[in-house]
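A.B. asks: The sequence shown runs 113 to 460 under this note's numbering. Cβ atoms here follow ideal geometry from the backbone N, Cα and C, with glycine treated the same way. Source: prediction; values computed, not measured. Handing you a structure now.
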Amino acid sequence: MGSLEDWPEPVVCVQSLSENGNQVIPNQYIKPKLERPSSCLNDVNIPIVDLSGLVTSREVTMKQISHACREWGFFQLVNHGVKTELIDEARDIWREFFHEPMEVKKIYANSPKTYEGFGSRLGVEKGAILDWNDYYYLHYLPFCHTKWPAHPPSLRDVMEEYTKEILRLGAVLLEVLSINLGLKEDSLQNAFGGKEAGACLRANFYPKCPQPELTLGLSSHSDPGGMAFLLPDEQVAGLQIRKDDQWATVKPAHNAIIVNIGDQLQVLSNSIYKSVEHRVVVNPNKERVSLAYFYNPKNDLLIQPISELVTTKTPSLYLPMTFEEYRRYIRTKGPQGKFQVESLKSPR
Ligand code: OGA
Ligand code: NI
C-alpha cells in the first residue's frame with residue numbers, strides 16, 4: 113500500500129495536458145478496455161423529487177423519496193429552495209478558479225494526507241491509471257482551517273452561502289430518510305454526530321480530452337460518505353450511473369441538485385438503501401464543471417447498522433468502522449467501484 117504522506121510520483125495537472133495541443137493522451141490515462149466508456153448508451157431519467165411537496169403533499173413526497181432511495185440510490189431535487197443565482201454563481205466561480213494561471217492554483221497543491229486543496233489524482237499507488245480530472249477539495253465541517261482559495265475574491269462568501277443551503281438540505285433529507293426507515297426523525301442525524309456531522313466539497317474540473325473514448329473523468333465509484341449533493345454541469349453531460357448492470361447517462365433537470373446515497377448510509381440502513389456506482393465520461397470539445405458536496409458522519413464515530421434495523425430476520429450486514437478509517441481506502445487506492453463497501457460485509 114502506498115503511504116498517505118505524499119504522492120508517489122510528480123502530479124501532472126490534467127488541464128495542462130489538455131492545453132498542450134497533443135492529440136494523444138499519455139498512457140497513464142488509458143483505461144483497460146472493459147472500463148472504457150462504450151459508445152451506444154441510454155440516457156436515464158432518474159427520479160425527480162419536488163422538495164416543496166414536503167409541505168404541500170407530504171405523504172406523496174415522502175413516498176417518492178423512499179422509492180428513489182430504495183430503487184435508485186439517486187434522485188434529483190427540484191424546488192429545493194436554493195436560489196438559481198446562487199447555484200449559477202457557485203458553478204461559475206469554480207470555473208473561474210480552474211482558469212486561474214497555473215502559478216495561482218499551484219499555491220493550493222494538495223497532499224494525500226488530507227486531500228485538501230488543488231489536486232489531480234486520487235490514490236497513491238505508483239503507476240496507477242489516472243482519471244482525466246483536476247479538482248479542489250475543501251473540508252468545510254468540522255470547522256478548523258478550511259483551505260479557501262484567495263481567488264476569485266468572492267469565492268469564499270459564495271461558497272459559505274451555498275454550504276448553508278446544502279447543510280439545510282442535508283438535515284431535511286436525513287429526517288425524511290429516518291422516518292422512511294421507520295426510525296425516530298433524528299436517528300440518522302444523531303448517527304452522523306448530530307451538529308458535529310461533517311461536510312466537504314469536491315469541485316470537479318474535467319478539461320477537454322482529445323481521446324475521450326480511452327479514458328474517464330472519474331472512474332467508477334460509490335461515494336464513501338453519507339449523502340452527496342451534486343451540482344452537475346447543465347451544458348455538458350458526463351455523469352453516468354450503473355443501473356441494472358448497464359451504464360446510463362444522467363440528464364439533469366434544470367436547476368436540479370442530484371442527491372445520492374453514500375456508503376455510510378448503506379451501512380447505517382443495513383443495506384435497505386444502497387450507494388450506487390457512478391462515473392464521469394469526458395468530452396472532446398467541452399470542459400465540464402461539477403460541484404459534489406458530501407454530507408458525512410463525524411470522523412471518529414463508529415458507523416454500523418442502526419440497532420432498530422437489525423433483527424433476527426435482518427442481521428447486521430456490516431462490521432463497524434469509523435468514517436475516518438473508511439475513507440483512507442479511497443484515499444489510498446483511488447476509486448474502485450463498490451469494492452470497499454462490499455469488503456465491510458461481516459463474515460457469516
Ligand atoms: C464525485 C462525483 C460526478 C460528477 O465527485 O464523487 O461523482 O458529475 N462527481 O462530476
Ligand atoms: Ni461520486
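By the DSSP assignment, the alpha helix (DSSP H) with W244 in it spans what residues?
C.D. replies: Element bounds for W244: n/a, residue is neither H nor E.
A.B. asks: At a threshold of 7 Å, does N316 count as lining the ligand MG (C-beta to nearest heavy atom)?
C.D. replies: In the structure shown, the ligand MG is absent; the only ligands present are the ligand OGA and the ligand NI.
A.B. asks: Only counting runs of 4 or more residues, tell me where the alpha helix (DSSP H) segments fall wholly within the region 177 to 256, in order along the chain.
C.D. replies: Here the runs fully enclosed are 196 to 210, 214 to 218.
A.B. asks: By how many angstroms is the C-alpha of V288 removed from the C-alpha of Q529?
C.D. replies: Any property of residue 529 remains undetermined from this structure, which presents the chain solely from 113 to 460.
A.B. asks: Could you work out which residue in S150, L146, E171, L166 is closest to G350 when comparing CA atoms only?
C.D. replies: Nearest of S150, L146, E171, L166 to G350, Cα basis: S150.
A.B. asks: Closer than 8 Å is the cut-off here; do at least three beta carbon pairs connect the region 370 to 383 with the region 182 to 193?
C.D. replies: Segments in contact, yes.
A.B. asks: Just checking, does the region 255 to 266 make contact with the region 139 to 148 on the three C-beta pairs under 8 Å criterion?
C.D. replies: Flag = no, the region 255 to 266 and the region 139 to 148 do not touch.
A.B. asks: Check whether the region 348 to 367 and the region 396 to 406 touch, using three or more Cβ-Cβ pairs below 8 Å as the test.
C.D. replies: Yes, they touch.
A.B. asks: Do the region 278 to 297 and the region 411 to 431 meet, that is, are 3 or more Cβ pairs less than 8 Å apart?
C.D. replies: Taking 8 Å as the limit for Cβ pairs, the verdict is that the region 411 to 431 does touch the region 278 to 297.
A.B. asks: Where does Q127 sit, in a helix, a strand or coil, going by DSSP?
C.D. replies: Q127 falls in the helix class under three-state DSSP.
A.B. asks: Hey, would you say A311 sits closer than 8 Å to F406, going by beta carbons?
C.D. replies: For A311 and F406, yes; Cβs fall inside 8 Å.
A.B. asks: Since I158 and W184 are thought to touch, with beta carbons under 8 Å apart, how far apart are those beta carbons, to the nearest angstrom?
C.D. replies: Yes, they are in contact, since the Cβ atoms of I158 and W184 sit about 6 Å apart, within 8 Å.
A.B. asks: For R443, report the span of its alpha helix (DSSP H) as first-last.
C.D. replies: It spans 435 to 445 - the alpha helix (DSSP H) in which R443 sits, taken as one unbroken run.
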